[in-house]
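Just so you know, we're using this note's numbering here: the sequence shown kicks off at 767 and counts up by one.
To start, the structure itself, in structure tokens.
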Amino acid sequence: ILITSRIIEIQERPEKYRQAGEERRQRMIKERLKREAKLKLESGKKLTFEELKALIEDGEPLEELLKKS
């Protein structure tokens, strides 16, 4: 049983690394999108739906974002 569980663990390891890498990549993309959206908002430009969504998902109220601009 110990050997079997070790084999399963070794088989699952590449998938875990792939998932962790994908999650890290998604976080980096979202952070970049949020930075760009804040810059656009500060300069008075319109935001795309995805940019607005990224800012709101962060939990910061829309009113606070608008006051900063």
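Glycine is no exception: its CB is placed at the ideal position from the N, C-alpha and C atoms.
- Residues near Ser-809 in its chain [Cβ-Cβ closer than 6 angstroms; skip 5 each side]: none
- Task: Could you have a look at Leu-813 and say whether DSSP puts it in helix, strand or coil?
- Result: coil
- Run of the alpha helix (DSSP H) containing Pro-780, from where it starts to where it stops: 768 to 808
- For Gly-786, does the count of other Cβ atoms within 10 angstroms reach 16, so buried, or fall short, so exposed? Note on residue identity: the sequence assigns Ala, not Gly, to residue 786. Burial call: exposed.
- In or out: Leu-805 buried (at least 16 other Cβ within 10 Å) or exposed? exposed
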